[in-house]
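Chemist:
Number of protein chains: 2
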Amino acid sequence: MNRPEKLLASVRPHIASRMEGIEPFHVVVLINRAKELEAQGRSISNMVVGEPDAPTPPLIAAAGIRAIAAGRISYTSSLGIAELRDKIAAWYHARYGVRVPRSRVIVTTGSSGALLLTMGALLSPGDQVLMADPGYPCNRHFVRTMEGEAVGIPVGAETAYQLSAALVEKYWTPKTAAVLIASPSNPTGTLIDHGELQRIHAVVKARGGVLIVDEIYHGLTYGKRDRSALEFADDIFIINSFSKYFGMTGWRLGWMVAPEQYIAPIDKLAQNLFISPSDLAQQAALAAFDPDTVALLEKRRDAFREQRDFLLPELRSLGFDIPVTPEGAFYIYANCERLTSDSYAFCWDVLEKAGVAIAPGLDFGNHLSKQHVRFSYPKSIPVLAEGVERLRKYLKK
Amino acid sequence: MNRPEKLLASVRPHIASRMEGIEPFHVVVLINRAKELEAQGRSISNMVVGEPDAPTPPLIAAAGIRAIAAGRISYTSSLGIAELRDKIAAWYHARYGVRVPRSRVIVTTGSSGALLLTMGALLSPGDQVLMADPGYPCNRHFVRTMEGEAVGIPVGAETAYQLSAALVEKYWTPKTAAVLIASPSNPTGTLIDHGELQRIHAVVKARGGVLIVDEIYHGLTYGKRDRSALEFADDIFIINSFSKYFGMTGWRLGWMVAPEQYIAPIDKLAQNLFISPSDLAQQAALAAFDPDTVALLEKRRDAFREQRDFLLPELRSLGFDIPVTPEGAFYIYANCERLTSDSYAFCWDVLEKAGVAIAPGLDFGNHLSKQHVRFSYPKSIPVLAEGVERLRKYLKK
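Residue numbers (my numbering), protein chains in the order written: chain A, 9 to 405; chain B, 9 to 405.
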């Protein structure tokens, strides 16, 4: 090997073109700084991470321990354990009155796995996917990873930060392959109107596209009954998760319900990209639908609701503008332009000076992101109250 | 919505162009048939699945149970728990005498996750990756998923079914971005010569490409000491797994060691595609490097070796041609052309008539795949002996 070649190699590392379009979670740097401050003895009011503090529900934990003790933790079918797929199907009947055959239920490595498989099976290079801006950042990056193009549609209070049939029609192009709706939404906590979702489905179907509905925060809604898109159609991709309502984040387990003709392609993609989801997590999740577990989860849901009911008026009284009351998930997306002209700088300043960790709008898209921050409230009310007091003092200065 | 549009939608489902290039594991259909036969009361000699029967090593199981009992199973850093990354780094020092900083160790959802991240971070559409044919089928499908082109290089006994520097030079094109070496290889169980691997590295480096070395069967070698590519260079992607040597298949945990300049891109890709690997599996894996665990795993390795030593001469005596003695993993890739002209039909016939399940060459590439079958031998010797007897009777007919 001669010198010029060596130089060439060092100045031209192979980096995929997709990597330019994929952003890190900006908030991770802020979270790391928060941990650093805590390590230095500072108390930090953490309203940044989208993860409840609660332990895995006891019956799920016990099922996991039994599975380990029984000895065999092996590869499973790439689509998941039949018994778990049946239980998920039964959940749709009990919860939504919908019959879903086992064949259409696919267990995945978190909803992340479900989104990867969905985009991988659907998108050819250049295909567009319409989605709300603000929205969960990974969604657009799954699309970019598969060489598709995520089209963020600016949404605001007038549509409860959700897409509408009119917006879908307006932004549809010959390259549009799919529309992604997330309800309840991360970061806004808002729900899509069920009738509007049906109208969006009709528009998408009429144009030969595919509708994907992210229902991973289902179960965590306050007031309205959850409505699944499966109640009105079976040609929709539904994404769900054991992480949020079921409290199993670190187990990495989710699921999807796919239209029948996509099962075979998704099966072969899942075989190749994942082999199978975690056997252990699946065996534990068999206890997720147990009535005692669900009773516990409903209590936790009620607590989240109380936390929202506490935090929401407090934030409004501090000067944050929250025009649409969030009815699901555990997030409040707050307009902060009365308090700052740059939410990213604001988040850093609030962390350093007030000891409060919140997420900048930047992580959720481009539309008015400098004017917004996200509060995550799956925390006890005293913890939230302390955060509010710190913000009040900070803002008075 | 009018009728023509409805028809249009139904005849034109969106399926990604990549899906045409991604094949299912053909053997899955055969495995399902084997299970069906077993459910009907037939005894099946299973030499098809690449997974040992042994339970999770006790200390790993106990660590998993402790983690569940402690309550918090959460998202971790996307690159993995620091303590586990340190233990993996220490393993490289203890096992290979190599110093690897924690920063370059990335914990993943199985080696599948590591391969997905590697190909995702490296490959732009059209980029080629050179790899041996036969080889592990998922490897080429990870490349296709990322819109790259896997170039299977026909290899045979003359190179122990491995690539050589000469082959890499011969097949290199301006579109070649990377070369993937798997040693020990699935399906052939053969190792690459350490000197040849260094020569390949020199060729790849001289051309500004990237070398990826799949070491997931390291630890399972019989006779020779494992040699990691990290012993001679730090600009290589190393893929490894807790599934095989460490016996943790169904926990879905693996790792990679990446060159320093790729850590940041892989971190942001991992954040977006996986959030994090399983916290529970990581906490359990903290016990994987315990001396007692390693002592147990070395015993299991010795058993695999005995099983290979039993099966290999038996297969040769049956008429299978195995020109290169496999020295690793738990596979024997056998030429069956003295026994059949179509290994796929042969595998099905052997299953139905002899009750023996083995994998057809078809799943491992195109090169002479009709002339080969793969035997998987992580089974007790009586189980293997029964399979051999059944084959002997079948072949005498």
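The C-beta atom is built at its ideal place from N, Cα and C for all residues, glycine as well.
(1) Pick helix, strand or coil for methionine 27(A), following the three-state DSSP scheme.
(2) Go through the stretch 344-378 of chain A residue by residue and report every complete run of the beta strand (DSSP E) that reaches 3 residues or more, in order.
(3) Starting from the beta carbon of cysteine 146(A), find every residue of chain B whose beta carbon is closer than 9 Å, and list them in chain order.
(4) Considering glycine 118(B), what are the terminal residues of the alpha helix (DSSP H) in which it resides?
(5) Which of helix, strand or coil does DSSP assign to glutamate 177(B)?
(6) Give me the chain B residues within the contact set of proline 368(A), using Cβ-Cβ distance strictly less than 7 Å, ordered along the chain.
(7) Examine the Cβ distances between the stretch 110-124 of chain A and the stretch 247-267 of chain A and report whether three or more of them are shorter than 8 Å.
(8) Does chain A have any CB closer than 8 Å to the CB of lysine 404(B)?
(9) Quick one: any contact between the stretch 384-392 of chain A and the stretch 151-165 of chain A, if contact means 3 or more CB pairs under 8 Å?
(10) By DSSP, does arginine 235(B) sit in helix, in strand, or in coil?
(11) Could you compute how far the alpha carbon of valine 137(A) sits from the alpha carbon of isoleucine 96(A)?
(12) Can you tell me which of Ala365(A), Lys378(A), Phe372(A) and Leu376(A) puts its alpha carbon nearest to the alpha carbon of glutamate 467(A)?
(13) Please list, in chain order, all residues of the same chain as serine 377(B) whose beta carbon is under 6 Å from its beta carbon, the five residues on each side excluded.
(14) So who's on the other strand from isoleucine 246(B), going by DSSP bridges?
(15) Leaving aside the five residues before and after proline 334(A) along the sequence, list all residues of the same chain whose C-beta is less than 6 Å from its C-beta, in chain order.
(16) Using DSSP bridges, identify the partner residues of glutamine 136(B).
(17) Quick check on the DSSP output: the alpha helix (DSSP H) that includes phenylalanine 240(B) runs from which residue to which?
(18) Tell me which residues share the same chain as glutamate 204(B) and place their Cβ nearer than 7 Å to its Cβ, disregarding the 5 neighbours each side in the sequence.
(19) So within the stretch 299-350 of chain A, which uninterrupted alpha helix (DSSP H) runs reach at least 4 residues, ignoring any that extend past its ends?
(20) For chain B, is any of its Cβ atoms less than 8 Å away from the one on methionine 27(A)?
(21) Return the chain-ordered list of same chain residues with a C-beta closer than 7 Å to the C-beta of phenylalanine 250(A), the five sequence neighbours on each side being excluded.
(22) Spell out whether any CB of chain A is found under 8 Å from the CB atom of methionine 9(B).
(23) Should asparagine 40(B) be labelled buried (16 or more other beta-carbon atoms within 10 Å of its own) or exposed?
(24) Is any beta-carbon of chain A found at less than 8 Å from that of serine 193(B)?
(25) Which residue comes first and which comes last in the beta strand (DSSP E) that contains phenylalanine 282(B)?
(26) Quick test of the definition: if touching needs 3 or more C-beta pairs under 8 Å, does the stretch 53-68 of chain B touch the stretch 27-44 of chain A?
(27) Could you tell me whether the Cβ atoms of serine 419(B) and tyrosine 169(B) are closer together than 8 Å?
(28) For proline 162(B), which beta-bridge partners are listed by DSSP?
(29) With C-beta atoms as the reference, is valine 381(B) less than 8 Å away from cysteine 344(B)?
(30) State the CB to CB distance for the pair glycine 128(B) and methionine 154(B), rounded to an integer number of angstroms; the pair is presumed to be in contact (CB under 8 Å).
(31) Measure the alpha-carbon distance for isoleucine 246(B) versus phenylalanine 240(A) and round it to whole angstroms.
(32) Check each residue of the stretch 62-73 of chain A: if its Cβ is closer than 8 Å to any Cβ of chain C, include it; give the result in chain order.
(33) Does the contact criterion of 3 or more C-beta pairs under 8 Å hold for the stretch 279-291 of chain A versus the stretch 74-89 of chain A?
(34) Does lysine 387(B) get closer than 8 Å to chain A when you measure Cβ to Cβ?
(35) How about glycine 2(B): is its C-beta nearer than 8 Å to some C-beta of chain A?
(36) Which residues in chain A have a C-beta closer than 7 Å to the C-beta of alanine 185(B)? List them in chain order.
Modeler: For this structure:
(1) helix
(2) Note on the stretch 344-378 of chain A: there is no whole beta strand (DSSP E) run with a minimum of 3 residues.
(3) Here the neighbours are Gln279, Asn280, Leu281 and Ile283.
(4) According to the DSSP assignment, glycine 118(B) belongs to the alpha helix (DSSP H) that extends over 118-130.
(5) helix
(6) By Cβ distance, chain B contributes nothing, its closest Cβ being about 16 Å from proline 368(A), past 7 Å.
(7) yes
(8) no
(9) no
(10) coil
(11) 27 Å
(12) Residue coverage of chain A in this structure runs from 9 to 405, which leaves residue 467(A) outside it and unanswerable.
(13) Gly369 and Leu370
(14) Assignment of beta-bridge partners to isoleucine 246(B) by DSSP yields Val221(B) and Val265(B).
(15) Gly197, Thr198 and Ile340
(16) Glu157(B) and Thr184(B)
(17) Run containing phenylalanine 240(B): none; DSSP gives neither H nor E here.
(18) Ser172 and Ala173
(19) For the stretch 299-350 of chain A, whole alpha helix (DSSP H) runs of length 4 or above, ordered along the chain, are 299-326.
(20) yes
(21) Met256, Trp259, Leu261, Gly262, Ala293 and Ala296
(22) In this predicted model, methionine 9(B) has a pLDDT of only 36, less than 50, meaning its place in the structure is not dependable; the value taken from the coordinates is given anyway. Yes, because at least one Cβ of chain A sits closer than 8 Å to the Cβ of methionine 9(B).
(23) exposed
(24) no
(25) From DSSP, phenylalanine 282(B) is part of no beta strand (DSSP E) but of the alpha helix (DSSP H) over 271-282.
(26) no
(27) What the structure shows of chain B is the stretch from 9 to 405, and residue 419(B) is not part of that stretch, so it cannot be assessed.
(28) Asp141(B)
(29) yes
(30) 5 Å
(31) 48 Å
(32) Although the question refers to chain C, the structure presented lacks it and instead comprises the protein chains A and B.
(33) yes
(34) no
(35) The requested residue 2(B) does not occur in the structure, where chain B is confined to residues 9 to 405.
(36) Those within 7 Å of alanine 185(B) in chain A are His22.
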